Amino acid sequence: MPVLHNFFANKTVVVTGAASGIGRALATVFADLGCKIAICDIDEEALSNVVVKLKAAHPALTLFTSVLDVSNKADWETYLQGVASHCEHIDIVINNAGIEGASQPTWASDDELLKRVMDVNFYGMVYGSKAALPYLIQRPWSALVNVSSVFGLVAPPNTADYCASKFAIRGYTESLRAELELVYPQVQVHLVHPGGINTNITRLEQSQKFKERFLTTEPETIALYIANSIMRNKARIVFGNQATKTYIASRILPLKWLSKLTGKEIEGLGMEGDYRPDHVGFKVKKTSL
């Protein structure tokens, strides 16, 4: 990777959700490319394991690590101050942290979980993006990378809460990109739509069959693709199992057809019980007057 290594050498890369999956793979790839690495996650034990592996592979690596709940705005500002102090500058910020939704239809899902999904997936990205901008604009070249999903392109059944967060990331990031072009065009803004990546984001019992069927692309593959796309200033990064097909379908198919096609994808995933016409979610809730 001589071209990539020359491009990224000595740049500081911030990666959220770095304890597993795509985040861990991104930290590994950018460390291999000679970057300074700043990683964070809410899972302290898993994050510590990543730190051990990075240091073993790169003994001289400049590494900053911290436990961070991305949904906490104040913690974001403290974290990036620490990164800038330890690494001297910040060149790339990748808002990757995210959690799964309920994997249930809207009438069966929990409003509190929806709020948590939005707090982590969407507001975590918002807080990270806004806190990063004062650092990124100081550099002659920099990049902000926000990870959405193919579910920020289409909205299949059983994903309303997750899709809400990922469509919101898409809209926010596309607008932010247009805004920065007017004042700080040297700050690249990238929107990532991963397809079926083999990560542990799907932890609920009802989502395991979905994981087995769709999450087949290895995280290291998309991490390297993201690095290449940043170097080439590719604004929209679509990669992973069924990602390109989904992107094309989202662009050319009428919503009526798209809804029918995505609806067929849940067949055989063991979710039939949530689709009974007599489901409690359809019943009127009686309140005392």
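Okay, so the sequence shown: first residue is 183 according to the numbering used here, each after it adds one.
Glycine included, every Cβ here is placed at the ideal spot set by N, Cα and C.
Please read all numbers here as calculations on a predicted model, not as lab measurements.
Round the Cβ separation of residue i and residue j to the nearest angstrom and send it over; I've been treating them as touching at under 8 Å.
{"i": "GLY306", "j": "VAL252", "result": "3 Å"}
{"i": "VAL299", "j": "GLY283", "result": "5 Å"}
{"i": "ALA228", "j": "ALA201", "result": "4 Å"}
{"i": "PRO287", "j": "PRO339", "result": "6 Å"}
{"i": "VAL211", "j": "ALA405", "result": "4 Å"}
{"i": "VAL232", "j": "ALA213", "result": "About 10 Å; that fails the 8 Å criterion."}
{"i": "GLU356", "j": "ALA313", "result": "Contact flag wrong, Cβ pair sits at about 20 Å."}
Sorted by chain position, which residues of the same chain lie with C-beta nearer than 7 Å to residue i's C-beta, five sequence neighbours on each side aside?
{"i": "ALA425", "result": "VAL332, HIS375, PRO376, GLY377"}
{"i": "GLY199", "result": "GLY205, ASP223, ASN278, ALA279, GLY280"}
{"i": "VAL302", "result": "VAL252, SER253, ALA279, GLY280, ILE281"}
{"i": "GLY463", "result": "TRP289, ALA290"}
Mind checking residue i: buried by the 16 CB within 10 Å criterion, or exposed?
{"i": "VAL365", "result": "exposed"}
{"i": "ARG385", "result": "In this predicted model, ARG385 has a pLDDT of only 47, less than 50, meaning its place in the structure is not dependable; the value taken from the coordinates is given anyway. So ARG385 counts as exposed."}
{"i": "LEU318", "result": "buried"}
{"i": "VAL329", "result": "buried"}
{"i": "ILE351", "result": "buried"}
{"i": "ASN380", "result": "buried"}
{"i": "GLY203", "result": "buried"}
{"i": "TYR292", "result": "It should be noted that the sequence gives Asp, not Tyr, for residue 292. Answer is exposed; the Cβ neighbour count stays below 16."}
{"i": "TYR261", "result": "buried"}
{"i": "LYS235", "result": "exposed"}
Candidates the options: which alpha carbon is nearest residue i's?
{"i": "HIS268", "options": "ASP257, LYS297, ILE276, ILE221", "result": "ILE221"}
{"i": "GLY344", "options": "GLY280, LYS465, SER432, SER248", "result": "Residue identity check: residue 344 is Tyr in the sequence provided, not Gly. Answer by Cα proximity: GLY280."}
{"i": "LEU250", "options": "ALA242, PRO241, VAL265, HIS240", "result": "VAL265"}
{"i": "PHE189", "options": "ASN410, LYS465, GLY203", "result": "ASN410"}
{"i": "ASP460", "options": "LYS312, ARG321, ALA290", "result": "ALA290"}
{"i": "GLN320", "options": "ALA350, PRO338, HIS271, LEU358", "result": "HIS271"}
{"i": "VAL218", "options": "HIS240, VAL234, ASP225", "result": "The amino acid at residue 218 is misidentified as Val; the sequence shows Lys. Ranking HIS240, VAL234, ASP225 by Cα distance to LYS218 puts HIS240 first."}
{"i": "LEU335", "options": "LEU437, GLY216, GLU361, PHE212", "result": "LEU437"}
{"i": "THR244", "options": "LYS235, GLY216, GLY203", "result": "GLY216"}
{"i": "ALA323", "options": "LEU186, ALA360, LEU295, LYS193", "result": "Checking the displayed sequence, the identity of residue 323 turns out to be Trp instead of Ala. Nearest C-alpha to TRP323: LYS193."}
{"i": "VAL185", "options": "ILE404, ARG414, TYR457, LEU358", "result": "ARG414"}
{"i": "SER311", "options": "GLY452, LEU296, ARG359", "result": "ARG359"}
{"i": "LEU315", "options": "ALA242, LEU362, ILE434, TYR429", "result": "LEU362"}
{"i": "SER285", "options": "GLY452, VAL466, TYR261", "result": "GLY452"}
Output needed for residue i: all residues of its chain with C-beta closer than 8 Å, excluding positions within five of it in sequence on either side, in chain order.
{"i": "ILE412", "result": "ILE274, ALA325, VAL327, GLN370, HIS372"}
{"i": "THR398", "result": "GLY378, ASN380, ASN423"}
{"i": "GLU454", "result": "none"}
Once the 5 residues before and after residue i are set aside, which same chain residues still bring their CB inside 6 Å of it?
{"i": "TYR407", "result": "PHE421"}
{"i": "GLU402", "result": "ALA207"}
{"i": "ARG418", "result": "LEU373"}
Counting Cβ pairs, one atom from each stretch, are 3 or more of them under 8 Å apart for the region 344-356 and the region 433-447?
-> no
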